[in-house]
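Protein chains in written order, with the working numbering: chain G, 174 to 287; chain W, 13 to 130.
For each residue, glycine too, the CB sits at the ideal point set by N, CA and C.
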Amino acid sequence: AQSVTQLDSQVPVFEEAPVELRCNYSSSVSVYLFWYVQYPNQGLQLLLKYLSGSTLVKGINGFEAEFNKSQTSFHLRKPSVHISDTAEYFCAVMRRGGAQKLVFGQGTRLTINP
Amino acid sequence: DTGVSQDPRHKITKRGQNVTFRCDPISEHNRLYWYRQTLGQGPEFLTYFQNEAQLEKSRLLSDRFSAERPKGSFSTLEIQRTEQGDSAMYLCASSSRVAGALSTDTQYFGPGTRLTVL
Numbered sequence: 174a175q176s177v178t179q180l181d182s183q184v185p186v187f188e189e190a191p192v193e194l195r196c197n198y199s200s201s202v203s204v205y206l207f208w209y210v211q212y213p214n215q216g217l218q219l220l221l222k223y224l225s226g227s228t229l230v231k232g233i234n235g236f237e238a239e240f241n242k243s244q245t246s247f248h249l250r251k252p253s254v255h256i257s258d259t260a261e262y263f264c265a266v267m268r269r270g271g272a273q274k275l276v277f278g279q280g281t282r283l284t285i286n287p
Numbered sequence: 013d014t015g016v017s018q019d020p021r022h023k024i025t026k027r028g029q030n031v032t033f034r035c036d037p038i039s040e041h042n043r044l045y046w047y048r049q050t051l052g053q054g055p056e057f058l059t060y061f062q063n064e065a066q067l068e069k070s071r072l073l074s075d076r077f078s079a080e081r082p083k084g085s086f087s088t089l090e091i092q093r094t095e096q097g098d099s100a101m102y103l104c105a106s107s108s109r110v111a112g113a114l115s116t117d118t119q120y121f122g123p124g125t126r127l128t129v130l
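As structure tokens, this is what we get:
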């Protein structure tokens, strides 16, 4: 079975500051890794995903994430945040070659202060 | 807008009543998923369909829950004899199977149906 731990339930930062949202996963088999964002009253939207290849993955809205196999981590970063980045962020894994179901972490609420 | 749609967006019901939710996937997406999200938690997988076939069901899906996808298009999720613990956001997602050993199809989520059981 797979599990995901998002190490921070809430992260407040000031506008234009850098941010890192941490994600660790546990799995006995190889997985794909994802970050989703959920804006208020909206559905989940895919930010980025890691399937294979380069461990640094770039996504939408200036976000990027780095896969670290030895530390089983997939932290999300942005060098300069905007007010519009205020949302809930979810890290998720999917077993390679298995059922196409996502296993999510509990989420990190990112709040951008002016 | 051709995204995933869900109906209703909100449902308030009394304990013991039956409720049914509908999900319309993105046109021509052959895979459809249901997840449940409780307050302060990430979504949890419930079940998924490829075309009209229900391929996997979570142990979270008790015998009071049933999902269908007739004709491989829209899907319904029914909860019988609702309990207060069923209060949650029910999310639907759809995807289109992508060929290739190292590929996985992206799941597109709808806005969800928020269920409140009184």
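Buried or exposed: where does Ile285(G) fall if 16 or more other Cβ atoms within 10 Å of its Cβ makes it buried? If you number the first sequence from 1, residue 285(G) lands on position 112. The residue is buried, with at least 16 neighbouring Cβ atoms inside 10 Å.
Can you tell me whether DSSP reads Lys242(G) as helix, strand or coil? Along the first sequence, read from residue 1 onward, the residue named residue 242(G) stands at position 69. Coil, per DSSP.
Could you check what DSSP says for Gln96(W) in three-state terms: helix, strand or coil? Here residue 96(W) refers to the residue found at position 84 when the second sequence is read from its first residue. DSSP places Gln96(W) in helix when its eight states are reduced to three.
Can you give me, in chain order, the residues of the region 241-273 of chain G that have a beta carbon less than 7 Å from any beta carbon in chain W? Residues of the region 241-273 of chain G with a Cβ closer than 7 Å to any Cβ of chain W, in chain order: Phe263, Met267, Ala272, Gln273.
Is Ile91(W) helix, strand or coil by DSSP? Mapped onto the second sequence, residue 91(W) falls at position 79. Strand at Ile91(W).
Start and end of the beta strand (DSSP E) containing Thr125(W)? For the purposes of this step, residue 125(W) is taken as the residue at position 113 of the second sequence. It spans 125-129 - the beta strand (DSSP E) in which Thr125(W) sits, taken as one unbroken run.
Using the Cα positions of Ala79(W) and Gly226(G), report the straight-line distance between them to the nearest angstrom. Translated into positions along the second sequence, residue 79(W) becomes position 67. Translated into positions along the first sequence, residue 226(G) becomes position 53. Here the alpha carbons of Gly226(G) and Ala79(W) stand approximately 37 Å from one another.
Among Asn42(W), Glu90(W), Gly97(W), Phe33(W), which has the Cα closest to the Cα of Gly84(W)? To locate residue 84(W), count along the second sequence from 1; it is residue 72. The shortest C-alpha separation from Gly84(W) is found at Asn42(W).
Are the C-beta atoms of Pro123(W) and some chain G residue less than 7 Å apart? Here the question's residue 123(W) lines up with position 111 in the second sequence. Yes - at least one Cβ of chain G is within 7 Å of the one on Pro123(W).
Cβ neighbour criterion (16 or more within 10 Å) applied to Pro191(G): Reading the first sequence from its first residue, position 18 is the one you call residue 191(G). Classification of Pro191(G): exposed, given that the 10 Å Cβ count is below 16.
C-alpha gap between Arg109(W) and Val16(W), whole angstroms: Along the second sequence, one-based indexing puts residue 109(W) at 97. Along the second sequence, one-based indexing puts residue 16(W) at 4. Approximately 16 Å between the Cα atoms of the pair.
Suppose the cutoff is 6 Å on Cβ atoms and the five residues either side in sequence are ignored; what does the same chain contact list for Lys231(G) look like? Within the first sequence, the letter at position 58 stands for residue 231(G). So the list reads Glu237, once near-sequence residues are dropped.
Local conformation of Pro191(G) per DSSP, three classes: Counting from one through the first sequence, the residue named residue 191(G) turns up at place 18. Shown here, Pro191(G) sits in coil according to DSSP, grouped into three states, outside any helix or strand.
Chain G contacts from the region 44-62 of chain W (Cβ-Cβ distance under 8 Å): If you check each beta-carbon in the region 44-62 of chain W against every beta-carbon of chain G, the ones closer than 8 Å belong to Tyr45, Tyr47, Gly52, Gln53, Gly54, Pro55, Glu56, Phe57, Tyr60.
Beta carbon proximity, Phe277(G) to chain W, threshold 7 Å: Within the first sequence, the letter at position 104 stands for residue 277(G). The C-beta of Phe277(G) comes closer than 7 Å to at least one C-beta of chain W.
Is any beta-carbon of chain W found at less than 7 Å from that of Leu220(G)? For the purposes of this step, residue 220(G) is identified with residue 47 of the first sequence, where counting begins at 1. Taking Cβ atoms only, chain W never reaches closer than 7 Å to Leu220(G), which makes this a no.
Give a yes or no on whether the C-beta atoms belonging to Arg250(G) and Glu188(G) are separated by under 7 Å. As a first step, residue 250(G) is located in the first sequence; it is residue number 77 there, counting from the start. As a first step, residue 188(G) is located in the first sequence; it is residue number 15 there, counting from the start. Cβ atoms of Arg250(G) and Glu188(G): not closer than 7 Å.
Listed in chain order, which residues of the region 221-236 of chain G have Cβ atoms closer than 9 Å to some Cβ of chain W? Those residues of the region 221-236 of chain G that come within reach of chain W (Cβ to Cβ, closer than 9 Å) are Lys222, Leu224, Ser225, Gly226.
Close beta carbons around Thr25(W), own chain, < 8 Å, minus the five adjacent residues each side: Indexing the second sequence from 1 puts residue 25(W) at position 13. So the list reads Val31, Thr94, Leu127, Thr128, Val129, Leu130, once near-sequence residues are dropped.
Check each candidate in Arg21(W), Thr14(W), Cys35(W), Thr50(W) and name the one with the smallest Cα separation from Gln96(W). Translated into the one-based positions of the second sequence, residue 96(W) becomes position 84. The option with the nearest alpha carbon to Gln96(W) is Thr50(W).
Ser39(W) to Gln62(W), Cα distance in whole Å? Numbered from its first residue, the second sequence carries residue 39(W) at position 27. Numbered from its first residue, the second sequence carries residue 62(W) at position 50. Roughly 14 Å between the two C-alpha positions.
Residues in the same chain with beta-carbon distance under 8 Å from Val184(G), minus the five sequence neighbours each way, listed in chain order, please. By 1-based counting over the first sequence, the position of residue 184(G) is 11. If we look at Val184(G) and ignore the five residues flanking it on each side, its Cβ neighbours are Val192, Leu194, Thr281, Arg282, Leu283, Thr284.
My assumption, with CB atoms under 8 Å, is that Phe247(G) sits in contact with Leu206(G). Please give the rounded CB distance. To locate residue 247(G), count along the first sequence from 1; it is residue 74. To locate residue 206(G), count along the first sequence from 1; it is residue 33. Contact between Phe247(G) and Leu206(G) is confirmed by a C-beta separation of about 4 Å, below the 8 Å threshold.
Tell me which residue opens and which closes the beta strand (DSSP E) that Arg268(G) is part of. Working through the first sequence from its first residue, we reach residue 268(G) at position 95. Per DSSP, Arg268(G) belongs to the beta strand (DSSP E) from 260-268.
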